Amino acid sequence: MLELCGFENVSYTSKKTNSVVNGYRVYFTFERENLIGFGTTQIFVDSDTFTNYFNLPLGTKVDVYYNQYGKPIGCTIRKEN
390 MLELCGFENV SYTSKKTNSV VNGYRVYFTF ERENLIGFGT TQIFVDSDTF
440 TNYFNLPLGT KVDVYYNQYG KPIGCTIRKE N
């Protein structure tokens, strides 16, 4: 489970394809049993995938889903018991 903590607009030229890539870095914090404090991570999502995150308020707990190539393809809000 990850907690949403920030967004960053990203635009760069790909060295591999030499084309412009637009998307967002989505930042998260997380806790683990063996971790003192909080860990942080980020994922890059394209503009189409970003719509899954855009309307979520900061602090929302989510599960992120990936395709077989490791590319983020969406998220669901984590229900708290």
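The numbering of the sequence shown is my numbering, which starts it at 390 and goes up by one. Beta carbons: idealized from backbone N, C-alpha and C, even for Gly. All of these numbers come straight from a predicted model, not from anything done at the bench.
Residue i to residue j, Cα distance in whole Å?
i, j, result
"K404", "V410", "10 Å"
"F433", "Y442", "12 Å"
"Y458", "L393", "23 Å"
"G395", "S408", "26 Å"
Comparing alpha-carbon positions, which option in the options lies nearest residue i?
i, options, result
"G448", "F419, G412, Y401", "F419"
"N398", "G412, M390, P446, L391", "G412"
"S436", "L391, M390, S400", "S400"
Put residue i into one of helix, strand or coil per three-state DSSP.
i, result
"T406", "coil"
"F427", "coil"
Compute the distance between the beta-carbons of residue i and residue j, then report whether it is under 8 Å.
i, j, result
"T438", "P461", "yes"
"Q431", "Y455", "no"
For residue i, list the residues DSSP reports as bridge partners.
i, result
"D452", "T465"
"Y401", "V410"
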